[in-house]
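Novice:
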Amino acid sequence: MKNQKKAYLYGLGAVACWSTVASAFKLSLGYFEPAQLLLVATLSSLLLLLGLLVRQGKLHLLGRTFKQNPGYYALLGLINPALYYLVLFQAYDLLPAQQAQTLNYTWAITLTLLAVPFLGQTIRRQDWIAILLGYLGAMVIATKGDLLSLDFDSPQGVALALTSTLLWAGYWILNTRNQAEPLVTLTLSFLLGLPVIVLATAWLSDFSLTAWQGWVGAIYVGLFEMGFAFVMWLLALRYAENTARISNLIFISPFASLLLLWLLVGEQIYPATLVGLVMIVTALLIQQWQPRRRFANHTEAE
1 MKNQKKAYLY
11 GLGAVACWST
21 VASAFKLSLG
31 YFEPAQLLLV
41 ATLSSLLLLL
51 GLLVRQGKLH
61 LLGRTFKQNP
71 GYYALLGLIN
81 PALYYLVLFQ
91 AYDLLPAQQA
101 QTLNYTWAIT
111 LTLLAVPFLG
121 QTIRRQDWIA
131 ILLGYLGAMV
141 IATKGDLLSL
151 DFDSPQGVAL
161 ALTSTLLWAG
171 YWILNTRNQA
181 EPLVTLTLSF
191 LLGLPVIVLA
201 TAWLSDFSLT
211 AWQGWVGAIY
221 VGLFEMGFAF
231 VMWLLALRYA
241 ENTARISNLI
251 FISPFASLLL
261 LWLLVGEQIY
271 PATLVGLVMI
281 VTALLIQQWQ
291 PRRRFANHTE
301 AE
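Counting in UniProt numbering, the sequence shown runs from 1 upward without gaps.
1) With a threshold of 16 other CB atoms inside 10 Å of the CB of N80, please say whether the residue is buried or exposed.
2) Assuming the contact rule is C-beta atoms closer than 8 Å, W262 and I269 should be a hit. Round their C-beta distance to whole Å, please.
3) Check whether the region 274-282 and the region 127-145 touch, using three or more Cβ-Cβ pairs below 8 Å as the test.
4) Going by the CB atoms, is the gap between T42 and F228 shorter than 8 Å?
5) At the level of alpha carbons, what is the spacing between N297 and R124?
6) Check I269 in the structure and name its three-state DSSP category.
7) Does DSSP classify L237 as helix, strand or coil?
8) Give me the Cα-Cα distance between A301 and Y8, rounded to the nearest whole angstrom.
9) Three-state secondary structure (DSSP) at A180?
10) Which ranges would you report for the alpha helix (DSSP H) in the region 207-265 if only whole runs of at least 4 residues count?
11) Suppose you measure from the CA of P182 to the CA of A283; what does that come to, to the nearest Å?
12) Assuming I173 is part of the alpha helix (DSSP H), what are its boundary residues?
13) Which same chain residues end up closer than 6 Å to A180 when comparing Cβ atoms and leaving out the 5 residues on each side of it in sequence?
14) Using 8 Å as the threshold, is the region 10-19 in touch with the region 203-220, meaning 3 or more CB pairs across them?
15) Quick check on residue 347: does DSSP put it in helix, strand or coil?
16) Could you tell me whether the Cβ atoms of L95 and D153 are closer together than 8 Å?
17) Grouping DSSP H, G and I as helix and E and B as strand, with all else coil, what is W18?
18) What are the boundary residues of the alpha helix (DSSP H) that R124 is part of?
19) So is F255 buried or exposed if we call it buried at 16+ other beta carbons inside 10 Å?
20) Taking just the CA atoms, how far does R55 sit from I246?
21) Give the secondary structure of G137 by DSSP, where H, G and I count as helix, E and B as strand, and everything else as coil.
22) Could you check whether the region 29-44 touches the region 215-233, counting it as contact only if at least three pairs of C-beta atoms, one from each stretch, sit closer than 8 Å?
23) Please state if the CB of L75 and the CB of T187 are separated by a distance shorter than 8 Å.
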């Protein structure tokens, strides 16, 4: 049953979770290396997702769904959580969190570009405006407003943050043709991605996870970034009478995240970050804007 009030509550809950994760990433990376953080976070999220499937009586769907297309689900797991979060955490390790999280926020613009070759979609004029404005905003953030110098704090960090947008957009493109239960799909992704993450931890780092602060941060990331936020967002969309109103709640997250980075992490928020973020959010709103058709167009369609 539709219930817009419940939809708003679940949507705001998801946004609240997403608003805290940039701070959690940065604080946790002070104690764990990126692969270590991902290992503990993935294990935490996987336990939560399995528990939810047990509670819903859907655990048996894991094997049945996997058998339908094992290669497809293995690829999903390779991208998310394995490659996507490895790249994203490394970007956070190299950049100020405000830069990493805001650059990563351009993934929806990247999705527009990738949808052309992979989904056969066309790019509208307003999409081109959004793409140019969004990536100009990303450049403002990456250069701290000094566009002409192209002087980056960490070119590798900027490249990794933008690569994460390719991976995340690719993951959602792969999901467009997926008819399986979303919670089952996500749990399969984490199950199949876990062995890759274990190997990555052995190769890139080690298993000496001794700092309790790292454990607290990684478990928080696994439960709230990878787990509860996803579930609450699904519930928000399920209860929503108007999906667009719920989707627009997501624009609260990056601004709240910057405030928390200042309060919790102690990052000085650069003016260029705010300017670039406003440009990116404006670009995303331009993408969502649907011009009202004239009455004549409706009558012709009828």
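For glycine and all other residues, C-beta sits at the position ideal for the given N, C-alpha and C.
Specialist: So, from the listed chains and residues:
1) buried
2) 5 Å
3) yes
4) no
5) Unreliable placement is indicated for N297, whose pLDDT of 45 sits below 50; the coordinate value is still reported in the next sentence. Taking the straight line from one Cα to the other gives about 19 Å.
6) coil
7) helix
8) Unreliable placement is indicated for A301, whose pLDDT of 40 sits below 50; no coordinate value is reported for it.
9) coil
10) 212-220, 229-239, 243-247, 253-260
11) 28 Å
12) 155-175
13) T65
14) no
15) A question about residue 347 goes unanswered here, because the residues of the chain that appear run from 1 up to 302.
16) yes
17) helix
18) It is not in any alpha helix (DSSP H) - R124 carries neither H nor E in the DSSP assignment.
19) exposed
20) 26 Å
21) helix
22) yes
23) no
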